[in-house]
Amino acid sequence: MSALFILIGVSIVVAGSFLAAFLWSVKNGQYDDDYTPSVRMLFEDKIPAETITTTEIKIQNK
Amino acid sequence: MQVEKFYYDNKTVKNFAYATILWGVVGMLAGLWVSLQLIFPSLNITQYGSFGRLRPLHTNAVIFAFVGNGIFMGVYYSLQRLCKARMFSDKLSAIHFWGWQLIIVAAAITLPMGITTSKEYAELEWPIDIAITVMWVVFGWNMFGTILKRREKHLYVAIWFYIATFVTVAVLHIVNSFELPVTLFKSYSWYAGVQDALVQWWYGHNAVAFFLTTPYLGLMYYFMPKAANRPVYSYKLSIIHFWALIFLYIWAGPHHLLYTALPNWAQSLGVVFSVMLIFPSWGGMINGLLTLRGAWDRVRDDVILKFMVVAVTAYGMATFEGPMLSLKSVNAVAHFTDWIIAHVHVGALGWNGMLTFGILYWLIPRIFNTNLYSKKLANNHFWLGTLGIIFYAVPMYWAGFTQSSMWKQFTEAGQLKYAFLETVTYMKPFYAMRSLGGTLYLVGVLFMVYNIYKTVRAGKLVANEAAEAAPLQKEYVKHAGEHWHRVIERRPVQLMIFSLIVILIGGAIEMIPTFLIKSNIPTISSVKPYTPLELQGRDIYVREGCYTCHSQMVRPFRSETERYGEYSKAGEFVYDHPFQWGSKRTGPDLAREGTGNLKKSDGWHFRHLREPSSMSEGSIMPAYSFMLEQNLDTSTTVAKINAMRTLGVPYEKGYENIANRELMTQAKEISMLLNNDSIRISPNKEVIALISYLQRLGTDISKNANAQK
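Line by line, the protein sequences give chains A and B.
Just so you know, we're using the working numbering here: the first sequence kicks off at 708 and counts up by one.
Just so you know, we're using the working numbering here: the second sequence kicks off at 34 and counts up by one.
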């Protein structure tokens with residue numbers, strides 16, 4: 708049943724990477740504020756509609 | 034700080050939205066069609082339209098085409114706005130979109146042709162598997178690129194769900210798709226038997242978790258607050274349940290293999306984690322529903338919220354049922370029955386479907402700068418969809434309980450009360466009701482197609498939506514003369530994720546072949562490799578998707594050993610690349626088809642394959658008369674024997690050279706036997722190979738039992 712150990716190994720690696728991501732996010736201060744992100748995501752600064760073509764964007768990005 | 038002006042890319046969002054709708058209709062139509070085939074077997078028109086080939090088409094279309102495009106639609110819309118940045122690269126967006134559609138088209142062509150690996154929800158053959166990997170990397174590249182150039186420091190919880198989806202699906206796909214190519218369109222799974230089953234269901238369960246659940250939770254956390262215009266109930270809860278969910282999910286896979294030959298401790302581990310999963314799952318459901326606290330009156334008027342409420346409720350029901358189904362005693366009843374079909378459709382139709390529709394109704398008018406054409410039509414869609422789910426799920430639950438009880442029912446004299454066929458014909462009314470439910474649901478979707486068509490016609494796509502935000506302050510200042518790799522090294526998380534994937538591919542390539550083959554030394558001496566004819570027959574069994582209706586796994590219950598014979602042992606499957614345990618018994622188990630009182634004559638099999646109802650009255654199995662016409666392709670025999678040997682099957686060196694001769698000898702024997710039964714058939718027809726395989730099933734073990742006596 709060596710497949711079992713491969714799967715457990717792979718799963719631990721995945722879980723470990725998530726753990727590292729979690730530690731990073733805490734250290735990075737991602738969760739220092741655990742309320743306003745939920746409100747801020749609701750605001751979309753509406754900018755008066757204007758038409759711009761994709762080619763213009765390509766030029767802008769250059 | 035200078036505010037920057039930039040533009041959101043709505044064109045890619047629109048493309049994915051259209052693809053979601055198109056493939057949704059196609060996938061559901063395929064589902065309705067295969068459900069009708071279970072009532073009217075005559076609807077199995079030609080080999081390309083038989084149930085065994087179309088059911089994988091249905092599941093793949095719904096999961097990877099409908100939900101897949103739905104994920105990308107939602108991610109491309111929400112990620113840009115949450116990061117206050119345009120997608121990283123328009124080119125990558127286009128490649129991702131068209132590449133994914135090409136993969137879907139390739140699936141739609143190859144699956145009806147019988148090109149399949151037979152691993153559920155991973156049926157696509159190896160060239161397409163590679164294409165999926167490439168497209169997935171393109172998606173990840175585009176997503177992480179966007180995250181890196183974001184103008185908002187905080188990563189909103191939805192983004193975390195997207196990241197988890199990307200990472201885990203990449204790993205799952207790579208590990209489960211380990212296969213040895215035989216020809217351009219045929220490969221053998223690198224794993225055999227029990228191991229293959231374990232890897233497959235580790236994948237299968239996590240595909241549900243990380244393709245159908247986590248990305249959709251991310252979408253819920255973005256679109257539900259948006260639609261309700263109020264913050265999520267508890268942001269804290271969303272963070273906690275995210276981390277809890279992803280840490281628990283990857284361990285629950287073995288609950289798909291309860292009572293099988295999998296070691297008991299692995300089964301128990303799977304059960305424990307499955308039961309624990311209810312907490313993070315319900316955390317998400319409660320968070321979603323309570324977002325509407327104090328605003329429930331709006332649900333009465335707002336059809337989008339209605340869709341979302343039903344979606345989240347369905348999620349709650351399915352994630353309550355999941356842990357229950359993973360309890361061994363419940364699983365003993367539910368496994369192999371239509372109960373599971375009901376369970377997955379509450380998830381797919383309820384959670385994924387209804388959330389997708391809600392998002393579409395919210396998003397399309399916005400990117401087209403107009404209003405929804407008709408709220409009334411959307412309301413009708415909502416009710417048709419909801420009723421459709423009920424009409425689908427209730428009969429299937431009923432069918433599941435009933436059929437399982439009938440399978441397990443003994444007479445007072447201690448004999449099985451029902452023949453298998455009786456339990457099948459009893460299911461027909463339930464299947465008919467299910468088709469009605471599916472039709473309602475599909476009609477609702479067609480309402481949506483019309484509604485969205487009219488909406489799109491009335492508006493004009495805002496392909497590039499203007500937005501403004503201040504850039505993030507750079508935390509790092511480049512120093513003079515630094516090397517190019519400093520750029521990567523400053524990003525530990527991204528570096529880690531990508532290196533993880535690279536390591537996995539490398540490690541897997543190195544480890545799996547040697548590691549697994551060594552452990553495949555048979556533990557039961559009487560278990561022998563398949564003869565060339567049986568191997569070819571087995572590949573026909575795989576090609577036709579027989580596993581979609583027939584299991585090959587006798588569980589250790591008296592009701593099963595009485596019906597099918599000795600329960601299945603791990604050692605019996607060591608040469609099975611891929612395993613064929615199946616997950617559903619629409620037809621009887623075939624693990625012991627060639628032995629004991631299940632043994633039938635070659636003539637019986639021949640007539641049964643030609644016209645199943647001629648041997649089993651009321652059978653709903655498709656007819657396989659085309660196998661009487663089609664010649665067996667023996668040009669692949671050498672390559673197949675060689676491939677099997679590479680995988681550790683002990684064919685002697687040089688056997689491939691005499692394999693086709695042996696194949697012909699065995700085929701002629703069967704043809705002679707059939708001739709004695711007044712059936713004239715040339716030995717080079719496909720049906721002969723399939724019969725040889727069916728007659729082989731289970732015989733190794735019974736030889737052993739006879740020898741011991």
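Cβ coordinates follow ideal geometry from the N, Cα and C atoms, glycine included.
Secondary structure of P296 (chain B), DSSP reduced to three states: DSSP places P296 (chain B) in coil when its eight states are reduced to three.
Neighbouring residues, chain B, relative to V733 (chain A) (Cβ below 9 Å): None at all; the shortest Cβ gap to chain B is about 10 Å.
Within-8 Å CB hit, F750 (chain A) to chain B: With 8 Å as the cut-off, F750 (chain A) does not count as an interface residue toward chain B.
Cα-Cα separation, F424 (chain B) to E695 (chain B): 53 Å
Min CB distance P258 (chain B) to chain A below 8 Å: yes
Where V200 (chain B) falls, given that 16 or more other Cβ within 10 Å makes a residue buried: buried
Chain A contacts made by the region 323-339 of chain B, where a contact means CB separation under 7 Å: Within the region 323-339 of chain B, no residue has a Cβ that lies closer than 7 Å to any Cβ of chain A.
Cβ contact check for the region 46-57 of chain B and the region 88-108 of chain B: 3 or more pairs under 8 Å: yes
Alpha-carbon spacing of T149 (chain B) relative to V575 (chain B), whole angstroms: The alpha-carbon atoms of T149 (chain B) and V575 (chain B) are separated by roughly 7 Å.
Contact belief for H274 (chain B) with N320 (chain B) at Cβ below 8 Å, rounded distance in angstroms: That pair is a contact at about 7 Å.
Proximity test, Cβ basis, 8 Å: I180 (chain B) and chain A: no
Assigned secondary structure, G316 (chain B) (DSSP; H/G/I helix, E/B strand, else coil): helix
Proximal residues of chain A, C-beta to C-beta of K269 (chain B) below 9 Å: Y738, D741, Y742
Residue range of the alpha helix (DSSP H) that includes Y394 (chain B): The continuous alpha helix (DSSP H) containing Y394 (chain B) extends over residues 387-400.
Exposure of Y81 (chain B), with buried meaning 16 or more beta-carbon neighbours within 10 Å: exposed
Own chain, CB closer than 7 Å to I311 (chain B), minus 5 neighbours either side, in chain order: Short of 7 Å from the beta carbon of I311 (chain B), and not among the five residues preceding or following it, lie these beta carbons of its own chain, in chain order: T352, F353, P356.
Buried/exposed call for N404 (chain B), threshold 16 Cβ in 10 Å: exposed
Terminal residues of the beta strand (DSSP E) in which F211 (chain B) lies: Premise fails: F211 (chain B) is in no beta strand (DSSP E) and is neither H nor E.
Identity of the residue in B:G687, B:E156, B:M660 nearest A672 (chain B) by Cα: Cα-wise, what sits closest to A672 (chain B) is B:G687.
Sufficient close CB pairs (3 or more, under 8 Å) joining the region 648-658 of chain B to the region 454-461 of chain B: yes
Cβ separation of R183 (chain B) and K124 (chain B), assumed to be a contact under 8 Å, to the nearest whole Å: With a Cβ gap of about 19 Å, R183 (chain B) and K124 (chain B) do not count as contacting.
The alpha helix (DSSP H) enclosing N48 (chain B), as first and last residue numbers: 44-70
Residue interval of the alpha helix (DSSP H) (run including S718 (chain A)): 709-734
Chain A contact for P264 (chain B) (CB, 8 Å cutoff): yes
Proximal residues of chain A, C-beta to C-beta of T201 (chain B) below 7 Å: V721
For G629 (chain B): DSSP bridge partner residues: None; G629 (chain B) has no bridge partner.
DSSP state of V215 (chain B) mapped onto helix, strand, coil: Looking at V215 (chain B) - three-state DSSP - the assignment turns out to be strand.
Contacting positions in the region 276-298 of chain B - beta carbon closer than 7 Å to chain A: W276, I279, F280, I283, W284, P296
Residue span of the beta strand (DSSP E) that contains L502 (chain B), given as start and end: At residue 502 (chain B) the sequence reads Ala, which differs from the Leu that was named. Run containing A502 (chain B): 497-502, per the beta strand (DSSP E) assignment.
Members of the region 188-199 of chain B that neighbour chain A once the beta carbon cut-off is set at 9 Å: Within the region 188-199 of chain B, the residues whose Cβ lies closer than 9 Å to any Cβ of chain A are, in chain order, L188, Y189, V190, A191, W193, I196, A197.
Any 3 or more C-beta pairs closer than 8 Å across the region 355-369 of chain B and the region 262-269 of chain B: As far as the Cβ criterion goes, the region 355-369 of chain B does not touch the region 262-269 of chain B, which means the pair count is below three.
7 Å CB neighbourhood of I554 (chain B) in its chain, flanking five on each side removed: Note that I554 (chain B) has pLDDT 48, beneath the 50 cutoff, so the model's placement of it is unreliable and the number below is only indicative. Closer than 7 Å at the Cβ level, and outside the excluded window around I554 (chain B), lies no residue.
Simplified DSSP state of N21 (chain B), which is helix, strand or coil: Outside the modelled stretch of chain B, which goes from 34 to 742, sits residue 21 (chain B), for which no answer is possible.
Neighbouring residues, chain A, relative to L231 (chain B) (Cβ below 8 Å): Identification of chain A residues near L231 (chain B) by a Cβ-Cβ cut-off of 8 Å yields M708, A710, L711, L714, ordered along the chain.
Identity of the residue in B:W193, B:F177, B:A491, B:R678 nearest S732 (chain A) by Cα: B:W193
Collapsed DSSP secondary structure at L749 (chain A) in the structure displayed: Coil, per DSSP.
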